[in-house]
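Below is one structure, written out as structure tokens, with a few remarks after it.
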Amino acid sequence: MVLVRALQDLRIREADKLALFISFDGEINSRPFIKILWKIGKQVYLPVLHPFTTGHLLFCQYTPTTSLVVNRFNLYEPRLDITTLLSLEELDILFIPLVAFDIYGNRLGMGGGFYDRTLQLWRQRKCFFPIGLAHDCQYQSQLLPIKKWDVRLPEIITPSCYWRFRQ
Numbered sequence: 003m004v005l006v007r008a009l010q011d012l013r014i015r016e017a018d019k020l021a022l023f024i025s026f027d028g029e030i031n032s033r034p035f036i037k038i039l040w041k042i043g044k045q046v047y048l049p050v051l052h053p054f055t056t057g058h059l060l061f062c063q064y065t066p067t068t069s070l071v072v073n074r075f076n077l078y079e080p081r082l083d084i085t086t087l088l089s090l091e092e093l094d095i096l097f098i099p100l101v102a103f104d105i106y107g108n109r110l111g112m113g114g115g116f117y118d119r120t121l122q123l124w125r126q127r128k129c130f131f132p133i134g135l136a137h138d139c140q141y142q143s144q145l146l147p148i149k150k151w152d153v154r155l156p157e158i159i160t161p162s163c164y165w166r167f168r169q
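Here the sequence shown stands for residues 3 to 169, where the numbers follow our numbering.
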């Protein structure tokens, strides 16, 4: 259902370069979405841990022939290849996994701050559009504990709802 909701969004349908993630530990299954994006001619990118700047992500193109490796957090990522890197300024949509979200679009991640650092660029330059992908059960009716560096998401897609938040 998340896949269906996402593909109904004009911004997503018109985007060429979309970054996703390989699902981990109960996150929304991203693989069917990735396969559909390939099928309709979209370029898909996956996060890779930055080898020199701790806590930061790079984004490498992911194709059906890309081999994946397991990083230090036990997450799958493409092998770092500078010829497949995409700058965040060139990215159209960034889909973000999350642990929980609230009525204001605040999100909790896994605690490493990787996506928060990436979202800082969006907050400053609005160069790509971030969208969270979540299960319905990840919605929290109470305000989540947020820190000054946390960045609210403008949209989150769940199986039963397409959440849009005022920024």
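Backbone N, C-alpha and C fix where the C-beta goes; we use that ideal spot for every residue, glycine too.
All figures in this text were calculated on a predicted structure; none of them were measured in a lab.
Anticipated Cβ contact below 8 Å, residue i with residue j, distance rounded
i: A21; j: L135; result: Contact doesn't hold; Cβ gap of about 12 Å is too wide.
i: K19; j: L88; result: 6 Å
i: L59; j: F130; result: Contact flag wrong, Cβ pair sits at about 12 Å.
i: D138; j: P161; result: 6 Å
Which listed residue (the options) has its alpha carbon closest to that of residue i
i: S25; options: C139, K41, P99 and G57; result: P99
i: Q122; options: P53, D11, G57 and I42; result: G57
i: Q63; options: T86, V153, R166 and F130; result: T86
i: F167; options: D152, I133 and L146; result: I133
i: K41; options: D138, F131, L9 and Y117; result: L9
i: W124; options: G115, I95, Q144 and P147; result: I95
i: D27; options: I148, V153, V101 and Q169; result: V101
i: V46; options: S32, H52, R119 and P53; result: S32
i: F103; options: F97, K128, Y78 and Q144; result: Q144
i: L51; options: F75, E29 and P34; result: F75
i: F35; options: R154, Q169, F97 and T55; result: F97
Local conformation of residue i per DSSP, three classes
i: E29; result: coil
i: C139; result: helix
i: V101; result: coil
i: V4; result: helix
i: Y106; result: coil
Beta-carbon proximity check, residue i vs residue j, cutoff 7 Å
i: Y164; j: R7; result: yes
i: P80; j: L39; result: no
is_contact[residue i, chain C] using C-beta, thresh 7 Å
i: C62; result: Judged by its chain identifiers, the structure shown contains no chain C, having just a single protein chain.
The segment 66-81 contacting the segment 102-110, beta-carbon criterion three pairs below 8 Å: With the cut-off at 8 Å, the segment 66-81 and the segment 102-110 do not touch.
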